[in-house]
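Chains as they are written, first to last, in the numbering used here: chain A, 125 to 718; chain E, 125 to 718.
Each residue gets a CB set at the ideal place from its N, CA and C atoms; glycine is no exception.
Here the structure comes first, spelled out in structure tokens, and everything after it is commentary.
There are 2 protein chains.
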Amino acid sequence: MTYRAPTREHLFVLRDVLNIEAYANLPSFADASMDTVEAILTEGAKFVEEVLAPLNAVGDKEGCVWSADNTVKTPTGFKAAYDQMVEGGWVALGSDPAFGGQGLPAVVNVAMSEMISSANMAFGMYPGLTHGAYEAIRAGGSDAQKALYLPKMVSGEWSGTMNLTEPQCGTDLGLIRTKAAPAGDGSYRISGQKIWISAGEHDLSKNIVHLVLARVEGAPQGVKGISLFIVPKFLPDANGEPGERNSLVCGGLEEKMGIHGNATCVMVYDEAKGWLVGEENQGLRTMFVMMNEARLGVGVQGLAQGEAAYQAALAFAKDRLQGRSLTGPKNPEGPADPILVHPDVRRMLMDAKAVLEAGRCFMLWTALHGDLQHSPDEAQAQKARDYMGLLTPVVKAYLTDRGFKICSDAMQVHGGSGFTEHFPASQYLRDCRITLIYEGANGVQALDLVGRKLAANGGRAVMSYFAEVDQLVGEHEGDAGLQPFVDGLKHAKAQLQEATYWLMQNGLQNPDNAGAASTDYLHLFGLTALTHMWLLMAKAAQARIAAGDHDPFLSAKLVTGRYFLERILPDAGGHLAKLKTGAETLMALPAEAF
Amino acid sequence: MTYRAPTREHLFVLRDVLNIEAYANLPSFADASMDTVEAILTEGAKFVEEVLAPLNAVGDKEGCVWSADNTVKTPTGFKAAYDQMVEGGWVALGSDPAFGGQGLPAVVNVAMSEMISSANMAFGMYPGLTHGAYEAIRAGGSDAQKALYLPKMVSGEWSGTMNLTEPQCGTDLGLIRTKAAPAGDGSYRISGQKIWISAGEHDLSKNIVHLVLARVEGAPQGVKGISLFIVPKFLPDANGEPGERNSLVCGGLEEKMGIHGNATCVMVYDEAKGWLVGEENQGLRTMFVMMNEARLGVGVQGLAQGEAAYQAALAFAKDRLQGRSLTGPKNPEGPADPILVHPDVRRMLMDAKAVLEAGRCFMLWTALHGDLQHSPDEAQAQKARDYMGLLTPVVKAYLTDRGFKICSDAMQVHGGSGFTEHFPASQYLRDCRITLIYEGANGVQALDLVGRKLAANGGRAVMSYFAEVDQLVGEHEGDAGLQPFVDGLKHAKAQLQEATYWLMQNGLQNPDNAGAASTDYLHLFGLTALTHMWLLMAKAAQARIAAGDHDPFLSAKLVTGRYFLERILPDAGGHLAKLKTGAETLMALPAEAF
Numbered sequence: 125m126t127y128r129a130p131t132r133e134h135l136f137v138l139r140d141v142l143n144i145e146a147y148a149n150l151p152s153f154a155d156a157s158m159d160t161v162e163a164i165l166t167e168g169a170k171f172v173e174e175v176l177a178p179l180n181a182v183g184d185k186e187g188c189v190w191s192a193d194n195t196v197k198t199p200t201g202f203k204a205a206y207d208q209m210v211e212g213g214w215v216a217l218g219s220d221p222a223f224g225g226q227g228l229p230a231v232v233n234v235a236m237s238e239m240i241s242s243a244n245m246a247f248g249m250y251p252g253l254t255h256g257a258y259e260a261i262r263a264g265g266s267d268a269q270k271a272l273y274l275p276k277m278v279s280g281e282w283s284g285t286m287n288l289t290e291p292q293c294g295t296d297l298g299l300i301r302t303k304a305a306p307a308g309d310g311s312y313r314i315s316g317q318k319i320w321i322s323a324g325e326h327d328l329s330k331n332i333v334h335l336v337l338a339r340v341e342g343a344p345q346g347v348k349g350i351s352l353f354i355v356p357k358f359l360p361d362a363n364g365e366p367g368e369r370n371s372l373v374c375g376g377l378e379e380k381m382g383i384h385g386n387a388t389c390v391m392v393y394d395e396a397k398g399w400l401v402g403e404e405n406q407g408l409r410t411m412f413v414m415m416n417e418a419r420l421g422v423g424v425q426g427l428a429q430g431e432a433a434y435q436a437a438l439a440f441a442k443d444r445l446q447g448r449s450l451t452g453p454k455n456p457e458g459p460a461d462p463i464l465v466h467p468d469v470r471r472m473l474m475d476a477k478a479v480l481e482a483g484r485c486f487m488l489w490t491a492l493h494g495d496l497q498h499s500p501d502e503a504q505a506q507k508a509r510d511y512m513g514l515l516t517p518v519v520k521a522y523l524t525d526r527g528f529k530i531c532s533d534a535m536q537v538h539g540g541s542g543f544t545e546h547f548p549a550s551q552y553l554r555d556c557r558i559t560l561i562y563e564g565a566n567g568v569q570a571l572d573l574v575g576r577k578l579a580a581n582g583g584r585a586v587m588s589y590f591a592e593v594d595q596l597v598g599e600h601e602g603d604a605g606l607q608p609f610v611d612g613l614k615h616a617k618a619q620l621q622e623a624t625y626w627l628m629q630n631g632l633q634n635p636d637n638a639g640a641a642s643t644d645y646l647h648l649f650g651l652t653a654l655t656h657m658w659l660l661m662a663k664a665a666q667a668r669i670a671a672g673d674h675d676p677f678l679s680a681k682l683v684t685g686r687y688f689l690e691r692i693l694p695d696a697g698g699h700l701a702k703l704k705t706g707a708e709t710l711m712a713l714p715a716e717a718f
Numbered sequence: 125m126t127y128r129a130p131t132r133e134h135l136f137v138l139r140d141v142l143n144i145e146a147y148a149n150l151p152s153f154a155d156a157s158m159d160t161v162e163a164i165l166t167e168g169a170k171f172v173e174e175v176l177a178p179l180n181a182v183g184d185k186e187g188c189v190w191s192a193d194n195t196v197k198t199p200t201g202f203k204a205a206y207d208q209m210v211e212g213g214w215v216a217l218g219s220d221p222a223f224g225g226q227g228l229p230a231v232v233n234v235a236m237s238e239m240i241s242s243a244n245m246a247f248g249m250y251p252g253l254t255h256g257a258y259e260a261i262r263a264g265g266s267d268a269q270k271a272l273y274l275p276k277m278v279s280g281e282w283s284g285t286m287n288l289t290e291p292q293c294g295t296d297l298g299l300i301r302t303k304a305a306p307a308g309d310g311s312y313r314i315s316g317q318k319i320w321i322s323a324g325e326h327d328l329s330k331n332i333v334h335l336v337l338a339r340v341e342g343a344p345q346g347v348k349g350i351s352l353f354i355v356p357k358f359l360p361d362a363n364g365e366p367g368e369r370n371s372l373v374c375g376g377l378e379e380k381m382g383i384h385g386n387a388t389c390v391m392v393y394d395e396a397k398g399w400l401v402g403e404e405n406q407g408l409r410t411m412f413v414m415m416n417e418a419r420l421g422v423g424v425q426g427l428a429q430g431e432a433a434y435q436a437a438l439a440f441a442k443d444r445l446q447g448r449s450l451t452g453p454k455n456p457e458g459p460a461d462p463i464l465v466h467p468d469v470r471r472m473l474m475d476a477k478a479v480l481e482a483g484r485c486f487m488l489w490t491a492l493h494g495d496l497q498h499s500p501d502e503a504q505a506q507k508a509r510d511y512m513g514l515l516t517p518v519v520k521a522y523l524t525d526r527g528f529k530i531c532s533d534a535m536q537v538h539g540g541s542g543f544t545e546h547f548p549a550s551q552y553l554r555d556c557r558i559t560l561i562y563e564g565a566n567g568v569q570a571l572d573l574v575g576r577k578l579a580a581n582g583g584r585a586v587m588s589y590f591a592e593v594d595q596l597v598g599e600h601e602g603d604a605g606l607q608p609f610v611d612g613l614k615h616a617k618a619q620l621q622e623a624t625y626w627l628m629q630n631g632l633q634n635p636d637n638a639g640a641a642s643t644d645y646l647h648l649f650g651l652t653a654l655t656h657m658w659l660l661m662a663k664a665a666q667a668r669i670a671a672g673d674h675d676p677f678l679s680a681k682l683v684t685g686r687y688f689l690e691r692i693l694p695d696a697g698g699h700l701a702k703l704k705t706g707a708e709t710l711m712a713l714p715a716e717a718f
């Protein structure tokens with residue numbers, strides 16, 4: 125079984141649902157005609173299918189190898205594939221042309237990210253981290269820093285990392301202890317230990333640009349005293365080429381459940397030379413530029429693992445002969461029927477398909493709003509910024525929770541084979557599991573949503589989202605073909621609105637009510653967003669059918685959408701009921717009663 | 125973090141909820157006074173905590189090692205622990221005294237099984253498989269076979285396996301190809317390949333008694349032509365001691381996601397000597413004795429992994445300092461609060477606690493009905509047999525699905541630490557995952573429930589269950605303290621009954637409707653059963669409180685039960701809504717539309 129990029133799905137969403145050609149007034153869309161996009165995604169699909177996917181199992185089996193000289197060897201084939209990726213310009217797709225990038229819109233780039241991640245998530249993290257570090261330097265760095273670092277990071281010649289976590293601090297960055305001492309020459313000396321640093325050391329790129337959170341001597345306690353530093357592995361020489369080795373090493377690799385092909389490093393900084401990004405004590409602000417980008421990227425990874433796992437399960441279900449259909453043999457000449465005939469196997473596959481297609485649409489729709497943040501129309505730009513704030517935690521947590529569920533169901537479709545390492549189901553499940561955790565665990569995303577994003581600007585973002593949904597519903601009410609989708613969305617939105625009002629009333633009164641409601645609220649939001657996407661997709665499919673297009677892809681879309689309404693959306697009521705019970709019982713037990 | 129056996133929970137259920145001393149009229153309960161049971165479980169807890177639990181991570185890391193001479197070495201320490209287990213009589217706890225067992229009721233034995241499995245699931249499978257093989261020989265073997273094999277299997281001197289699966293057949297046993305040829309001397313020659321044979325080869329016991337499904341030459345096609353054979357690794361000599369080596373070998377081990385400490389073998393039989401158990405072509409019937417026993421055991425494993433994972437997550441949540449409570453610092457002297465103060469962390473732990481406590485009660489309540497099958501009161505015995513048929517698939521699938529969810533949440537509580545192999549969360553999740561698959565994948569359990577168990581004897585079992593629930597509800601209606609539990613159970617049962625009627629009407633009309641509804645129906649059944657258990661537990665706790673017992677354990681029970689009603693039970697509505705949508709949309713897409 126080989127991964128096949130879902131290019132037809134990408135093009136359907138980009139062309140028929142989002143109609144991205146309508147945004148040609150924005151600079152990044154100028155060269156993004158659908159013909160160009162189709163050509164890029166088709167080439168991209170070839171690259172990931174032929175170069176990255178075959179290395180996925182290799183990476184899992186071999187893992188990365190740390191040596192006592194503090195070097196890290198990536199799995200066989202990773203270096204050659206990375207070189208091909210750099211040569212093909214695939215690292216630069218979404219980056220600013222000012223630094224050598226191709227400047228494609230995020231909405232196109234994210235489709236490519238999905239493919240890379242499905243084909244080889246552990247590999248894709250190397251350029252993925254670089255892009256996050258690029259975004260942070262671009263957002264917070266000086267012109268000199270940008271000129272020195274960004275072109276080499278955009279091309280992929282140099283890679284990047286983000287160094288936040290320390291043994292005593294993960295979520296709570298206020299506890300950071302790594303120190304930065306001014307050296308008097310404009311640079312700082314960085315000392316401390318960072319853990320779980322993805323791509324912290326490897327043999328793929330000529331230099332590694334570490335972005336490190338540290339505390340300047342005398343800085344305020346907590347998160348207000350954290351600064352961000354560029355700490356390169358090799359100090360750039362006068363020509364901007366890798367020069368003297370900096371005083372930092374990878375002290376070892378983490379043994380972990382999955383993503384073995386990515387080096388998860390303990391990084392030790394011992395008076396390493398670093399340069400401040402932006403101002404002292406403002407490090408978290410810049411790091412969060414990177415974090416938000418990274419959070420969307422993790423949502424994409426969750427979806428991408430779900431897609432790859434679904435494809436593997438589907439191939440197995442069509443191939444494996446076992447038992448007979450309940451309604452009579454479907455493969456009478458064979459010894460048994462393919463297990464796809466069994467309703468409960470179908471249920472798992474249809475669950476996956478219905479969530480993946482809407483999840484992908486949601487991911488692309490959100491990415492489009494990322495692009496629209498730069499619209500010259502200020503109202504459009506503000507709404508887009510509002511949406512990005514509101515929806516980033518939903519994309520991150522909802523798509524990863526669902527992606528993991530899909531990976532687990534995909535293993536289940538395989539039966540016993542799925543538990544063996546001869547089939548890819550185990551790797552997808554193990555790799556996917558980290559997406560629920562890193563870049564802010566899903567519970568932290570849920571708290572960000574209810575505690576910060578909902579209330580920002582007096583609830584402007586969520587109100588604007590409700591208004592958009594209401595308008596869409598209003599436009600299609602009475603359209604017989606779309607009726608179930610319109611009804612489903614009305615119902616979902618009503619429940620989400622009820623939950624939102626409940627939170628506004630009860631979260632202020634007792635903040636634990638907000639915390640207690642957060643995950644169910646986020647899932648209710650995710651369900652509503654995916655129902656919203658199904659109405660948009662059903663509308664697009666119906667329009668093409670009405671125009672005489674008989675592609676069975678379109679009728680399958682309508683069936684899959686109805687399946688979502690019948691079999692996924694009913695979870696909404698449970699989430700609403702649960703969150704409205706508040707924090708009282710949840711918090712009632714003293715610690716010693718556990 | 126070390127696993128601690130939940131002895132207090134076991135004793136509460138056995139004494140206060142099930143009052144097992146009331147069954148002293150049954151032979152197996154004669155020696156099962158609560159004092160004796162408490163002594164056994166307390167000693168058992170010591171054994172698993174001190175001997176088995178410390179080997180759990182060792183087994184995961186080392187795995188089993190196959191050598192070219194077809195031997196298998198178990199992980200360091202397993203052999204010594206197995207010897208201690210045999211010496212301590214822990215293998216024999218639930219077995220028939222006629223064969224050297226201690227004859228304890230299943231309801232006690234299952235508590236011990238839970239502890240063994242929590243402490244070291246991969247290890248526990250060796251004696252677990254032996255017990256399944258013992259049950260099959262006891263049910264179907266001749267007196268001579270019983271005399272020859274059972275005493276040695278009961279003591280643990282010899283171990284056992286079940287050999288069903290072949291590469292082309294897992295669920296569909298009709299496809300079995302392994303051949304059995306009569307040798308003319310009463311024995312048969314067995315030839316074929318079996319895969320995924322747990323404990324198929326190892327260094328723990330002096331002999332391994334394989335129970336093998338095979339097809340006698342000329343037997344009917346499909347499941348009607350399958351016979352069961354005893355095929356020992358060493359042929360018993362005239363004294364019943366291991367003699368000549370039989371012609372069967374372990375050809376290799378499966379690489380798998382978890383349970384590395386258990387040897388999952390490819391078994392190759394090459395004219396191996398075997399003896400028929402029971403009659404030719406009746407093999408499946410006897411094998412299903414073993415399967416039903418094994419299925420309950422797998423449900424216990426799912427629960428047990430959930431319990432162990434929950435304990436690890438709880439210890440982490442009390443220890444890890446990160447962030448501050450939303451309602452103000454709870455550990456003001458420390459750098460941060462323990463993460464147990466965060467409502468969403470609590471949500472995951474309370475979810476686990478509420479499901480584990482009721483799941484354990486359900487497991488013990490079901491095991492008690494296993495004992496009651498042998499009641500001299502025929503009405504009681506028939507009801508118990510009905511329940512065992514009906515509830516075995518629910519115990520197996522529901523407890524494993526929930527157990528896996530708990531393992532995943534336990535990893536989530538750990539944050540990034542959970543994804544590393546330095547903490548036990550990964551192993552619990554990986555080990556637990558197989559429980560959803562083996563002994564009949566959970567989808568097969570669901571189909572067994574709706575396709576076979578519901579309809580058996582005109583629905584007698586489920587009607588009898590409904591009547592029992594109605595009676596319990598009737599007895600406690602108006603009891604103010606129990607009102608939420610009574611209301612919850614009434615509501616759950618009404619939904620389960622509605623689903624049952626829907627299935628009766630629509631499953632006959634189109635069997636795919638039954639298949640399409642099966643998993644949601646099973647989950648609705650599981651939710652109802654656990655709500656039922658919560659009413660029983662709340663009643664027992666309330667009675668002790670009313671009698672002046674101020675143990676905070678009792679008030680915590682009531683809080684945890686209310687949490688279940690508020691936060692777990694609301695899923696029932698979603699299951700009902702989904703299953704009533706039937707098979708139409710689910711089955712609508714042709715295979716090529718996927």
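Asked                                                                                                                                                               : Found
So, under 8 Å CB-CB, E:Asn244 and E:Leu179 are touching, yes? Tell me the CB distance rounded to an integer number of Å.                                            : 6 Å
For A:Leu573 and E:His699, I'd like the C-alpha separation in whole angstroms.                                                                                      : 27 Å
Since I believe E:Asp675 is in contact with E:Ala246 (beta carbons under 8 Å), could you give me their beta-carbon distance rounded to a whole number of angstroms? : So it is not a contact: roughly 36 Å between Cβ atoms.
Need the endpoints of the beta strand (DSSP E) that A:Leu272 sits in, please.                                                                                       : Counting along the chain, A:Leu272 falls outside any beta strand (DSSP E), though it belongs to the alpha helix (DSSP H) covering Asp267 to Ser279.
What does E:Ser642 touch in chain A if you count any residue whose Cβ is under 9 Å from its own?                                                                    : Pro467, Asp468 and Arg471
Just the Cα atoms here: how many angstroms apart are E:Thr289 and E:Arg301?                                                                                         : 10 Å
At a CB-CB cut-off below 7 Å, which residues of chain E make contact with A:Ser550?                                                                                 : Met381
Excluding five sequence neighbours on each side, which residues of the same chain lie with their C-beta closer than 7 Å to the C-beta of E:Thr524?                  : Val422, Gly423, Gly426, Thr559, Leu560 and Asn566
When you check each C-beta in the region 672-693 of chain A against every C-beta of chain C, which residues fall closer than 7 Å?                                   : Chain labels in this structure do not include chain C; the protein chains are A and E.
Quick one: which unbroken beta strand (DSSP E) runs of 3-plus residues sit fully inside the region 371-435 of chain E? Chain order, please.                         : 372-377 and 388-401
Using the DSSP secondary-structure output, state which residues sit across from A:Gln551 in a beta bridge.                                                          : Answer is none; A:Gln551 lacks a bridge partner.
Hey, does E:Leu464 have any beta-carbon neighbour from chain A nearer than 7 Å?                                                                                     : yes
Rounded to whole angstroms, what's the CA-CA distance from E:Val333 to E:Arg262? Just pull it up for me.                                                            : 13 Å
If the cut is a Cβ gap below 9 Å, which residues of chain A does E:Met391 touch?                                                                                    : Neighbours of E:Met391 on chain A: none; closest Cβ ~15 Å, over 9 Å.
Report the neighbours of A:Asp636 on chain E: residues whose CB is nearer than 7 Å to its CB, in chain order.                                                       : Leu450, Thr451 and Pro467
Identify the contact partners of E:Glu545 in chain A, using a Cβ-Cβ distance below 9 Å as the criterion.                                                            : Glu378, Glu379, Lys380 and Met381
In the region 159-221 of chain E, which residue ranges form an unbroken alpha helix (DSSP H) of at least 4 residues, counting only runs that do not cross its ends? : 180-186 and 202-211
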